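Residue numbers (the numbering used here): 1 to 232.
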């Protein structure tokens, strides 16, 4: 990935918002590239947060193991997303394990280099506060959903979150452009595989979801999914 390509990636990263082109170029030159093959692990939950990453292209799934040994899918991450940044900024171990679900390329800066860049370019430090705040807000929203929403609302809200983050227009609706297993959805919404499968089958029958693409979910009626997510 050449420097102009790196700069294009950084343009959509909240941590580097507001940097002048020359400053963004300096940040891009400080990065090193980290390619991943499908199935590769970027780092393990519990490891020291030694590097801060930005997704250049590809897709990761963020897994967390609970104290009782269960796996929980926290989220999917795609181009422009920050990976491991909050742990680096807070100087805590990585709280989860990113697994590549597609061949991917990331840009990386060591924790020390990240601190140096924040000193050289104060806008990065200010943006870091917003990044941490945004992650906290997202976590609070998901906890609220688990505590107060019926399971259908939780599944609808999770799919809509993926659409907002990664959805693309296709014939017949809006596609989530990566494979999301029913088991992953069950883990993300604190429910069972049976409940997710039953719910998606019902939505497909109703025409909310399209069954035309076997590997990717297509939301044929996004407005209906919004209605379900907002039901009291």
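Glycine included, each C-beta is placed from N, C-alpha and C at the ideal position. Being a predicted model, the structure only gives us computed values, none of them experimental.
Please determine, among the options, the residue with the shortest C-alpha to C-alpha distance to residue i.
i           : options            : result
residue 26  : 193, 226, 114, 151 : 114
residue 53  : 30, 190, 64        : 30
residue 21  : 14, 12, 7, 34      : 7
residue 162 : 106, 188, 14, 94   : 188
residue 180 : 128, 169, 200      : 200
residue 42  : 14, 102, 197       : 102
residue 167 : 217, 23, 126       : 217
residue 3   : 12, 18, 24, 19     : 24
residue 129 : 90, 55, 69, 205    : 90
residue 125 : 221, 19, 9, 11     : 19
residue 210 : 172, 198, 227      : 172
Would you call the CB atoms of residue i and residue j closer than 9 Å?
i           : j           : result
residue 84  : residue 51  : yes
residue 62  : residue 159 : no
residue 174 : residue 219 : yes
residue 139 : residue 98  : no
residue 39  : residue 123 : no
residue 14  : residue 82  : yes
residue 58  : residue 105 : yes
Helix, strand or coil for residue i, going by three-state DSSP, please let me know.
i           : result
residue 123 : helix
residue 173 : strand
residue 92  : coil
Inside the segment 15-69 only - alpha helix (DSSP H) runs reaching at least 4 residues: 21-30
Runs of alpha helix (DSSP H) wholly within the segment 172-222 (minimum 4 residues, chain order): 182-188, 193-206
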